[in-house]
Amino acid sequence: MSTQNKAKLVREISGTNPSKCMKCGKCSATCPSFDEMDIKPHQFVSYVQKGDIEALANSKSLWKCLSCFACVERCPRDVQPGRIIDAARQIVVRQRGGNYLTADEIPALLDEELPQQLLVSAYRRYKR
Amino acid sequence: MNFSYYPGCTLRNKAKELDAYARASAEALGFALQELTDWQCCGGVYPLGTDEIATKLASVRALAQARDNGQDLVTLCSACHHVLKRVNDDMRNNADIRTRANNYMMLDTPYAGETKVLHFLEVIRDVIGFEELKKKVVNPLTGRKIGAYYGCLLLRPGKVMAFDDPENPKLLEDFIRALGAEPVVYPYRNECCGGYISLKEPQMAENMCSNIHKNAAGFGAECLITACPLCRYNLNKAENNLPVYYFTELLAEALGVKEAALK
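Respectively, the protein sequence lines represent chains Y and R. This note's numbering puts the last residue of the first sequence at 128; the count rises by one with no breaks. This note's numbering puts the last residue of the second sequence at 263; the count rises by one with no breaks.
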């Protein structure tokens, strides 16, 4: 798929319009994973606008977002960076070999207290 | 007064006490939680992609069953509540999702978001009322300083969850007050615990939870309460932590049904 079409797909899956962003930076200011991200929440929109989806798809940020919806709640323009990064994550995990978590890894990650909720949530976000 | 009830995967396993204390408390408060006969796991997180359908069907099935029972649908786990409420919002307001989900479900009566989804705490606030709860307390938690930990899933996005003011909630504080204890308001009560990040990067969740504990303790909290098994798990992993209880445990204690609940 061409990079142009990939950018279109990210817009479509996320259901958000990056052009509405006014670069206020509230999303990055409020993001609990900001320090861990290589591409920051306020920068997601630029990658979609430039059509540089490869960089976004290869970014660490895909796996650092917690889906806490702080950026979604506080975005004054309803751009919802959390949905953009999820769409980038989707175009990765929907392809063969794109999973960030595999079933083989699970046994080593378990402990006595670990709630089922954690496994199903991680599965939904990290793999297909 | 009866409600359809969706317990969710974790309340059948690692968080059995969250469920048991709630059922006993509901009985003491004069309502019953009638478990749906055919529920499936909600998936833990709301599928954000606009083209996601299959991942929403478990929620639609539960919502439609509650509609057919003619009852509101009550949840306890923050994650189940989040997913069910958001999928319900999709079914009510998004014609594309509604059509495609119904095409899969092949229900006798198509589902269009008719069910009202309520968190157990919303039942207490909106149906029972805090004044009524106060009257039913036989063992007030006098002198206990309790920090409410909301986390993310109950509150955000505020427009869809409509649970409380997402930036300055007070439901749990009112709840704590009704039990006779003293609520401790601290800024980190709606900060994220790290959620599912703790599976692959426990250190990240630990740092975040450590900040929550420090903040709550700094404002004078002696313990925290939560509705979410994952929040509780993550919060318990942090060092030097405050004790973390499910809100239903303190409720059962105040209502005098705690011992009987686990039998």
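Virtual Cβ for every residue (Gly too), placed ideally from N, Cα, C. All figures in this text were calculated on a predicted structure; none of them were measured in a lab.
P183 (chain R) places its beta carbon 8 angstroms or farther from that of I124 (chain R). The beta carbon of K14 (chain R) falls within 8 angstroms of a beta carbon belonging to chain Y, placing the residue at that interface. Counted as a single uninterrupted DSSP element, the beta strand (DSSP E) harbouring N2 (chain R) occupies residues N2 to Y6. Closest in C-alpha terms to F44 (chain Y), from the list Y:M1, Y:E73 and Y:S14, comes Y:S14.
Closest in C-alpha terms to S28 (chain Y), from the list Y:Q116, Y:R89 and Y:D38, comes Y:D38. Taking a Cβ-Cβ threshold of 9 angstroms, the residues of chain Y close to E191 (chain R) are P32, C68 and A70, in chain order.
The DSSP-derived three-state label of L172 (chain R) is helix.
Straight-line measurement puts the Cα of F219 (chain R) at about 52 angstroms from the Cα of T109 (chain R). At least one CB atom of chain R sits nearer than 8 angstroms to the CB of Q116 (chain Y). Collapsing the DSSP output to three states places I39 (chain Y) in coil. Around E173 (chain R), the same chain offers A148, P183 and V185 as residues with beta carbons nearer than 8 angstroms, after the five sequence neighbours per side are excluded.
Interface with chain R (8 angstroms Cβ-Cβ cutoff): V120 (chain Y) is included. Contact annotation: the stretch 57 to 66 of chain R touches the stretch 89 to 109 of chain R, with at least three C-beta pairs closer than 8 angstroms.
Using a Cβ-Cβ distance cut-off of 8 angstroms, the stretch 61 to 76 of chain Y and the stretch 85 to 92 of chain Y are in contact, since at least three pairs of beta carbons, one from each stretch, lie closer than that value.
At a beta-carbon threshold of 7 angstroms, the residues of chain Y lying near V45 (chain R) are S67, S121, R124 and R125, ordered along the chain. Identification of residues in the stretch 75 to 88 of chain R having a C-beta nearer than 8 angstroms to some C-beta of chain Y yields C77 and A79, given in sequence order. When the five nearest sequence neighbours on each side are left out, the beta carbons in the same chain lying within less than 6 angstroms of the beta carbon of C9 (chain R) are those of C41, in order along the chain. For the stretch 64 to 145 of chain R, the continuous beta strand (DSSP E) assignments of 3+ residues that do not extend past its boundaries occur at 73 to 75 and 117 to 119, in sequence order. A contact between stretches requires three or more CB pairs, one per stretch, nearer than 8 angstroms, and the stretch 46 to 53 of chain R fails this requirement with the stretch 15 to 34 of chain R.
When DSSP states are grouped into helix, strand and coil, A29 (chain Y) belongs to the helix group. Under the 8 angstroms Cβ criterion, the stretch 77 to 89 of chain R counts as touching the stretch 149 to 166 of chain R, having at least three qualifying pairs. Within 8 angstroms of the CB of Y233 (chain R), the CB atoms of chain Y belong to E113, L114, P115 and L118, in sequence order along the chain.
Residues of the stretch 155 to 166 of chain R with a Cβ closer than 7 angstroms to any Cβ of chain Y, in chain order: R156, P157, G158 and P166.
Close partners of L101 (chain Y) in chain R (Cβ separation under 8 angstroms): L199 and K200. Contact between A181 (chain R) and L133 (chain R) is ruled out by a C-beta separation of about 13 angstroms, above the 8 angstroms threshold. Here DSSP, grouped into helix, strand and coil, assigns E182 (chain R) to strand. Taking a cut-off of 8 angstroms for Cβ pairs, the stretch 110 to 121 of chain R and the stretch 62 to 69 of chain R touch, as three or more such pairs fall below it. Scanning the stretch 200 to 225 of chain R from its first residue to its last, the whole alpha helix (DSSP H) runs of 4-plus residues come out as 202 to 218. Residue burial annotation: R189 (chain R) is buried, with at least 16 other C-beta atoms found within 10 angstroms of its C-beta. Nearest CB-CB separation between A87 (chain Y) and chain R: below the 8 angstroms threshold. Excluding sequence positions up to five before and after A7 (chain Y), its CB lies within less than 6 angstroms of the CB of V48, G51 and I53, all in the same chain and listed in chain order. Interface criterion not met: the Cβ of Q43 (chain Y) is under 8 angstroms from no Cβ in chain R.
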